[in-house]
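Trainee: Numbering (my numbering), first residue to last: 214 to 745. By construction, the Cβ of each residue, glycine as well, lies at the ideal position given by its N, Cα and C atoms.
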């Protein structure tokens with residue numbers, strides 16, 4: 214009910230608008246007698262104040278100005294004034310302030326009782342709230358009946374269209390998938406959101422949306438982000454144009470958003486079950502745990518990977534700063550979705566900071582290549598919606614389906630050699646490892662140690678912290694600043710340690726041979742399970 218509509222009530226039918234005509238459209242949510250000026254303690258948005266101005270009699274001009282500023286900030290809908298013995302007419306300062314702040318000032322005859330106004334206004338509020346409550350109960354009952362039938366998202370949107378007489382779209386922002394009651398209206402290519410001020414009957418966030426289409430056409434809509442617990446982003450878009458919805462329609466939208474939440478939870482439960490099953494199956498394939506070729510064939514058929522002749526493994530490992538570590542799950546989900554969107558047929562195994570993808574294709578031309586994988590991950594790492602991260606992408610060679618464990622070992626070998634050093638993102642192929650393959654083929658730790666320069670072995674034994682500094686310095690192309698940041702040291706400390714090693718052990722990082730020996734020793738020690 215607005216102030217203008219309230220003037221149709223019996224107690225206000227004889228009211229005269231003295232000032233603030235511009236606020237006659239203000240919504241009324243209740244009424245209160247003004248007895249004190251501490252409006253900030255008891256005032257509520259939408260209240261209609263009833264007064265004889267007795268409470269304002271001692272206010273100075275400055276204090277009266279401050280009082281009306283508070284009324285405006287709170288959102289008081291209007292003031293009803295009755296001329297009595299104290300004040301025969303509205304003070305000029307009050308009428309001026311009502312006009313300035315757009316607060317309607319209504320003057321009523323002396324014979325009208327305050328009680329009559331309170332009863333009329335509050336009675337109207339009670340009737341309106343009862344109507345809303347009955348509607349909410351009816352809609353909630355319909356929603357529960359619909360939920361028991363386990364509807365699809367399309368069926369939920371059809372219900373919403375019939376209730377609001379407006380088409381709707383459910384948008385999965387992460388996958389850019391959408392379901393809509395009208396395909397043409399759902400085909401927007403961009404959506405811009407501006408959050409609206411919350412209303413008393415709104416539990417969810419509401420946004421004014423602008424939808425852009427390929428044709429150059431733009432349309433207004435109402436958008437409601439649908440909360441979820443899976444880290445995804447979902448939005449209900451209602452193609453209502455400039456039309457506004459009243460509280461009864463908002464109740465319907467609220468119930469529909471709740472039902473969509475239930476559908477997301479149900480789908481997530483199904484997806485999680487499939488994820489666990491597929492994750493375990495891929496894990497066992499990669500680890501060579503199936504006892505027969507027939508079992509391998511069966512599992513590949515279950516995963517939809519049985520049609521290819523060439524199999525390849527892609528390992529993606531990500532590293533975040535300690536401050537961003539709590540958002541790891543969000544990054545892993547984004548990586549998984551990005552890679553799967555580019556190559557939908559991949560199966561994967563996820564563990565800690567790694568996702569290992571199993572790729573099946575018909576021939577060498579379809580194998581994954583660094584020039585395809587790296588730009589995909591680089592684009593993802595630059596997104597503002599994700600925390601900063603670096604990645605290592607390791608690509609195995611290809612082989613037949615029974616050599617999948619060997620392909621997995623190749624990807625893991627790359628990770629063992631390069632996974633610890635994450636100053637920059639890298640995408641590496643096993644066939645590009647060159648001389649590093651010699652170390653990977655060593656059969657015993659002693660054979661590996663035999664490849665290490667004796668000076669480095671002595672340094673490892675006597676001063677391992679100095680060896681760590683040297684290895685990191687060489688990995689960072691002799692940058693004292695990068696090395697210092699990675700080891701949490703001062704650059705001068707790094708420089709001092711390098712000089713000390715040269716003096717005591719004869720290893721000069723500026724000598725090409727010594728530089729190479731230090732780098733190779735670092736990789737060999739990683740293969741031995743040490744982190745120099």
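Between residue 708 and residue 695, what straight-line distance do the alpha-carbon atoms span, to the nearest angstrom?
Mentor: Roughly 12 Å between the two C-alpha positions.
Trainee: Tell me whether residue 233 is buried or exposed, calling it buried when 16 or more other Cβ atoms sit within 10 Å of its Cβ.
Mentor: Buried, because 16 or more other Cβ atoms sit within 10 Å of the Cβ of residue 233.
Trainee: What three-state label does DSSP hand residue 743 in the structure shown?
Mentor: Here residue 743 sits in coil by DSSP.
Trainee: Near residue 554, what residues of its chain come up, given a Cβ to Cβ distance below 8 Å and the 5 sequence neighbours on each side ignored?
Mentor: If we look at residue 554 and ignore the five residues flanking it on each side, its Cβ neighbours are 388.
Trainee: When the distance is taken between beta carbons, is residue 473 closer than 9 Å to residue 548?
Mentor: For residue 548 and residue 473, no; Cβs fall outside 9 Å.
Trainee: What separation, rounded to the nearest whole angstrom, lies between the Cα atoms of residue 448 and residue 588?
Mentor: Each residue's Cα considered, the two are about 28 Å apart.
Trainee: Would you call residue 615 buried or exposed, if buried means 16 or more other Cβ atoms sit within 10 Å of its Cβ?
Mentor: Classification for residue 615: exposed.
Trainee: Helix, strand or coil for residue 220? Go by DSSP, reduced to three states.
Mentor: Coil.
Trainee: Could you pull the start and end residues of the alpha helix (DSSP H) that residue 294 belongs to?
Mentor: Premise fails: residue 294 lies in the beta strand (DSSP E), 291-295, not in any alpha helix (DSSP H).
Trainee: Just the C-alpha distance for residue 368 and residue 350, rounded to the nearest angstrom, thanks.
Mentor: If I take the Cα positions, the gap works out to 21 Å.
Trainee: Counting Cβ pairs closer than 8 Å, one from the segment 281-297 and one from the segment 307-319, do we hit at least three?
Mentor: Segments in contact, yes.
Trainee: Who does residue 639 pair with in a DSSP beta bridge?
Mentor: Answer is 605, bridged to residue 639.
Trainee: With distances taken Cα to Cα, identify the nearest neighbour of residue 216 among 273, 289 and 733.
Mentor: Of the candidates 273, 289 and 733, the one whose C-alpha sits nearest the C-alpha of residue 216 is 289.
Trainee: Considering only residues of the same chain and omitting the five flanking positions on each side of residue 626, which have a CB-CB separation below 6 Å?
Mentor: Same-chain partners within the cutoff: 653.
Trainee: So, using beta-carbon positions, are residue 668 and residue 730 closer together than 9 Å?
Mentor: Against a cut-off of 9 Å, the Cβ pair of residue 730 and residue 668 comes out as a contact.
Trainee: Alpha carbon to alpha carbon, how far is residue 610 from residue 529?
Mentor: Computed Cα separation, rounded: 15 Å.
Trainee: Using only alpha-carbon positions, find the residue among 562, 698 and 666 that is nearest to residue 736.
Mentor: Answer by Cα proximity: 666.
Trainee: If you run the structure through DSSP and keep just helix, strand and coil, what is residue 380?
Mentor: Strand, per DSSP.
Trainee: For a minimum of 3 consecutive residues, which ranges assigned as the beta strand (DSSP E) are wholly contained in the segment 530-603?
Mentor: Listed in chain order, the complete beta strand (DSSP E) runs (minimum 3 residues) inside the segment 530-603 are 560-564 and 567-574.
Trainee: Quick one: grab the DSSP three-state call for residue 201.
Mentor: The question about residue 201 has no answer here: the residues shown for the chain are numbered 214 through 745.
Trainee: Is the distance from the Cβ of residue 641 to the Cβ of residue 607 below 9 Å?
Mentor: Yes, these two residues count as a Cβ contact at 9 Å.
Trainee: What's the gap between the Cα of residue 613 and the Cα of residue 536?
Mentor: Going from the Cα of residue 613 to the Cα of residue 536 covers about 42 Å.
Trainee: Residue 623 to residue 727, Cα distance in whole Å?
Mentor: When rounded, the distance between both Cα atoms is 28 Å.
Trainee: Please determine whether the Cβ atom of residue 514 lies at a distance below 8 Å from any heavy atom of the ligand HEM.
Mentor: The model on display carries no ligand, and the ligand HEM is accordingly not part of it.
Trainee: Alpha carbon to alpha carbon, how far is residue 381 from residue 451? Give it in angstroms, no decimals.
Mentor: Straight-line Cα distance between these residues: approximately 4 Å.
Trainee: Within the continuous beta strand (DSSP E) that includes residue 252, where are the two ends?
Mentor: No beta strand (DSSP E) contains residue 252, which is instead part of the alpha helix (DSSP H) from 252-255.
Trainee: Write down the C-beta distance between residue 660 and residue 605 rounded to the nearest angstrom, noting that I regard them as a contact closer than 8 Å.
Mentor: Residue 660 to residue 605, Cβ: 26 Å. No contact.
Trainee: Return the chain-ordered ranges of every beta strand (DSSP E) run that is complete within the segment 291-336 and spans a minimum of 3 residues.
Mentor: Counting whole runs of 3 or more residues, the segment 291-336 contains the beta strand (DSSP E) stretches 291-295 and 318-321.
Trainee: If I follow the unbroken alpha helix (DSSP H) through residue 263, where does it start and stop?
Mentor: Not the alpha helix (DSSP H): residue 263 falls in the beta strand (DSSP E), residues 260-264.
Trainee: Along the alpha helix (DSSP H) that carries residue 407, what are the first and last residues, could you check?
Mentor: It is not in any alpha helix (DSSP H) - residue 407 instead sits in the beta strand (DSSP E) that spans 403-408.
Trainee: Between the C-alpha atoms of residue 256 and residue 359, what's the straight-line distance to the nearest angstrom?
Mentor: Going by the C-alpha atoms only, they are around 41 Å apart.
Trainee: Per the DSSP calculation, residue 499 is bridged to which residue(s)?
Mentor: DSSP output for residue 499 lists no bridge partner at all.
Trainee: May I have the straight-line CA-CA distance separating residue 481 from residue 658, to the nearest angstrom?
Mentor: Cα to Cα, residue 481 sits roughly 46 Å from residue 658.
Trainee: Using 10 angstroms around the beta-carbon of residue 689, count the other beta-carbons present and answer buried if the total reaches 16, otherwise exposed.
Mentor: Looking at its Cβ environment, which holds 16 or more other Cβ atoms inside 10 Å, residue 689 is buried.
Trainee: Compute the distance between the beta-carbons of residue 445 and residue 483, then report whether it is under 9 Å.
Mentor: Not in contact: residue 445 and residue 483 (Cβ atoms no closer than 9 Å).
Trainee: Sort out for me which residues DSSP pairs residue 528 with in a bridge.
Mentor: Looking at the DSSP assignment, residue 528 forms a beta bridge with 569 and 607.
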